[in-house]
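Asks: In UniProt numbering, the protein residues as written are 1 to 262.
Note that the Cβ used here is the ideal one computed from N, Cα and C, for glycine as well.
Given the structure is predicted, the values throughout are model-derived calculations rather than measurements.
Okay, here's the structure, questions in a sec.
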Amino acid sequence: MKIVTWNVNSLRLRLGLVEKLTDELAPDVLCLQETKCPDDLVPHEDLKRLGWTHVAHHGQKGYNGVAILSKRPLSNVRTHSWCDTPQCRHLIAEVDGMEVHSLYIPAGGDVPDPEKNPKFDQKLRFLDKIIDWFAGTYGPRDPIVLAGDFNVAPLAADVWDHKKLLKVVTHTPAETARLGFLRQTLDWTDSTRHFVPHDEPAFTWWSYRSPDWRKGNRGRRLDHIWVTPALKDRLVDHDIHVDGRDWNKPSDHVPVSVTLSA
DNA sequence: ATGGTTGGTCCCCAA
């Protein structure tokens, strides 16, 4: 069972790359974020042609939007909005006896001060709410995959320069501490760091604004796949598909994958 | 200290 998460940054614009990803990575389940697509405009026929016969989508016009594409049946599809105004950032479905979450945590704007920046305040409160919810809703023996764009780079080796980025949104102590609390709720395993040493730089996002992203390599690890202890022993493979940043008209995020044994 | 790019929408916002 191979599960991939990707911030697609517009599903309709990048349908061709969804096809490329489907061919090259051959996932069984594909979690998408930032589809930027209302539910009634999802290109279901195109997705079906690519083998995505089961599609759950939770989207809105212009912003946000999450999806779970699957080659196996999905059931018990649910959504949550953790914001004051409804936002499409959290979609849940069951597949093969597991619960899969496609999650898009708010980016948080530019100024890392909740007093001055409402978006950063919204991000911190979003994190606080899901920490409470996961802690109160599940236990470590529940088989859950939490995948998505968390918009937080938790470790020093998850950013290109730890000291420089301590005051930059995605890597501030307020955010990384909360991600630590979230990880503790169900004793989640961070799949990437299960396979990659904690001090080895690992990035999944490079800004569109850096002209030569590979040379400068000013990246951050914002995209994550976490699993509960119930699934940890089934982790057999992992990949950050860095080459995806060089696809034609790429997303600024690259796909992250895990493979679970049967 | 600032600017750089991309996507969606409706003349600017979010990332």
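Any idea if L103 is buried or exposed, counting beta-carbon neighbours within 10 angstroms, 16 or more meaning buried?
Replies: Buried, because 16 or more other Cβ atoms sit within 10 Å of the Cβ of L103.
Asks: Report the option in K163, V236, K2 and A202 whose CA atom is closest to the CA atom of V100.
Replies: The shortest Cα separation from V100 among K163, V236, K2 and A202 belongs to K2.
Asks: Alpha carbon to alpha carbon, how far is W133 from H162?
Replies: When rounded, the distance between both Cα atoms is 30 Å.
Asks: Taking the beta strand (DSSP E) that H224 belongs to, which residues open and close that run?
Replies: Where H224 is concerned, the enclosing beta strand (DSSP E) stretches over D223 to V227.
Asks: In this structure, does DSSP put W82 in helix, strand or coil?
Replies: Note: W82 maps to coil in three-state DSSP.
Asks: May I ask you to verify whether the stretch 9 to 17 touches the stretch 27 to 40, counting CB pairs closer than 8 Å and requiring at least 3?
Replies: A contact exists between the stretch 9 to 17 and the stretch 27 to 40.
Asks: Assuming I68 is part of the beta strand (DSSP E), what are its boundary residues?
Replies: That run of the beta strand (DSSP E) goes V66 to S70.
Asks: Give me, in chain order, the residues of the same chain whose beta-carbon lies closer than 7 Å to that of residue 265; leave out the 5 immediate sequence neighbours on both sides.
Replies: There is simply no residue 265 to check, as the chain begins at 1 and stops at 262 in what is shown.
Asks: Taking the Cβ atom as the reference point for each residue, do T22 and I225 lie within a distance shorter than 8 Å?
Replies: Cβ distance not < 8 Å, so T22 and I225 don't count as in contact.
Asks: Applying the 10 Å Cβ sphere with the 16-neighbour rule, what's the burial state of E175?
Replies: Buried, by the Cβ-count rule.
Asks: With distance defined between alpha-carbon atoms, name the residue in E94, P86, L155 and C83 nearest to K71.
Replies: Minimum Cα distance to K71 is reached at E94.
Asks: Quick one: Cα of P229 to Cα of T185, how far?
Replies: Cα to Cα, the separation comes out at about 11 Å.
Asks: So, at 8 Å on beta carbons, what are the nonlocal neighbours of K167 in its own chain, with the 5 sequence-adjacent residues on each side left out?
Replies: So the qualifying residues of the chain are P112.
Asks: Measure the beta-carbon distance from residue 269 to V55 and round it to whole angstroms, keeping in mind my assumption that it falls under 8 Å.
Replies: No statement about residue 269 is possible, as the shown extent of the chain runs from 1 to 262 and does not include it.
Asks: Helix, strand or coil, according to DSSP, for W6 in the structure here?
Replies: W6 falls in the strand class under three-state DSSP.
Asks: Taking all protein chains shown into account, decide if R193 is buried (16 or more other Cβ within 10 angstroms of its Cβ) or exposed.
Replies: R193 should be labelled buried.
Asks: Which residues in the same chain have their Cβ closer than 7 Å to the Cβ of A157, if we skip the five residues on either side of it in sequence?
Replies: Answer for A157: H198, D199, E200, P201 and A202, listed in chain order.
Asks: To the nearest angstrom, how far is the alpha carbon of G59 from that of F120?
Replies: Using only the alpha carbons, I get a separation of about 22 Å.
Asks: List the endpoints of the continuous beta strand (DSSP E) containing L91.
Replies: Residues H90 to V95.
Asks: Under 8 Å, do P27 and M98 count as touching if we go by C-beta distance?
Replies: No. Outside cutoff.
Asks: Looking only at its chain, what residues have a beta carbon closer than 7 Å to the beta carbon of L124, apart from the 5 residues adjacent to it on each side?
Replies: Hits under 7 Å: P114, A174 and R178.
Asks: Between V145 and L231, how many whole angstroms is the CB-CB distance? I'm expecting something under 8 Å.
Replies: Between L231 and V145 the Cβ distance is about 7 Å, and since that is below 8 Å, they are a contact.
Asks: To the nearest angstrom, report how far apart K215 and H253 are at their CA atoms.
Replies: Rounded to the nearest angstrom, the two C-alpha atoms are 17 Å apart.
Asks: Would you mind working out which of E45, G139, L127 and H57 sits nearest L30, comparing C-alpha positions?
Replies: Closest option to L30, Cα to Cα, is H57.
Asks: Does T189 pass the burial test, meaning 16 or more other C-beta atoms within 10 Å, or should it be called exposed?
Replies: The residue in question, T189, is buried, as its Cβ has 16 or more Cβ neighbours within 10 Å.
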